[in-house]
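What follows is one structure encoded as structure tokens, with my remarks underneath.
In the working numbering, the protein residues as written are 5 to 174.
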């Protein structure tokens with residue numbers, strides 16, 4: 005059987021607390037899975053999976069939030085200690101924020117343009133607003149939660165937790 009446009013639905017968490025639990029759980033699961041299969045890392049026997057895909061998940065997906073949070077901390081400390089070229093740092097921040105915001109906003113625009121998902125214009129405007137502002141609040145927040153997930157995995161926390169579900173409506 006061939007399905008030209010497969011779709012998979014999942015239920016999004018309704019609260020920040022549930023979103024936090026989900027992101028911590030996902031990142032803990034990522035570390036546990038990577039650790040269990042660590043012999044694949046840099047192993048040419050597994051071809052591109054061992055040499056490209058697996059290192060990507062270790063260094064970009066798993067450690068990305070650690071590097072991101074460390075970058076925030078170093079930048080703030082550097083500003084307070086006066087050990088940074090402020091004009092360049094602000095320019096770099098502006099370019100980074102603009103780039104990330106434009107990518108997110110473009111994704112929202114293209115989705116609406118191709119799929120027409122939002123019958124109510126105000127829903128689309130809100131989503132577009134969040135796409136433009138996520139760099140300031142959502143990214144740091146999820147990076148923090150993902151780091152908590154790493155800590156949970158290191159502490160070998162075994163409980164998986166649960167999220168309140170309402171059901172998916174399409």
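Glycine is no exception: its CB is placed at the ideal position from the N, C-alpha and C atoms.
Quiz item: Residues in its own chain within less than 6 Å of residue 69 by CB, not counting five upstream and five downstream?
Solution: Within the same chain, 147, 150 and 151 come within 6 Å of residue 69 by CB-CB distance, once the 5 residues on both sides are set aside.
Exercise. Could you round the C-beta distance between residue 78 and residue 139 to whole angstroms and report it? I think they count as a contact, below 8 Å.
Key: Contact between residue 78 and residue 139 fails: their C-beta atoms lie close to 18 Å from each other, not under 8 Å.
Quiz item: Do the region 46-55 and the region 130-137 make contact, defined as three or more Cβ pairs closer than 8 Å?
Solution: They do not touch, by the three-pair rule.
Practice problem: May I ask which residues mark the beginning and end of the alpha helix (DSSP H) holding residue 151? | Solution: 125-158 is the span of the alpha helix (DSSP H), which, as asked, contains residue 151.
Self-check item: For residue 39 and residue 55, the rounded distance between their alpha carbons
Solution: Roughly 16 Å between the two C-alpha positions.
Quiz prompt | Where residue 27 falls, given that 16 or more other Cβ within 10 Å makes a residue buried | solution = With 16 or more other CB atoms across the displayed protein chains lying within 10 angstroms of its CB, residue 27 is buried.
Quiz item: Between residue 74 and residue 108, which are expected to be in contact by the criterion C-beta below 8 Å, what is the C-beta distance as a whole number of angstroms?
Solution: Their Cβ separation, rounded to whole angstroms, is 23 Å, which puts residue 74 and residue 108 out of contact at 8 Å.
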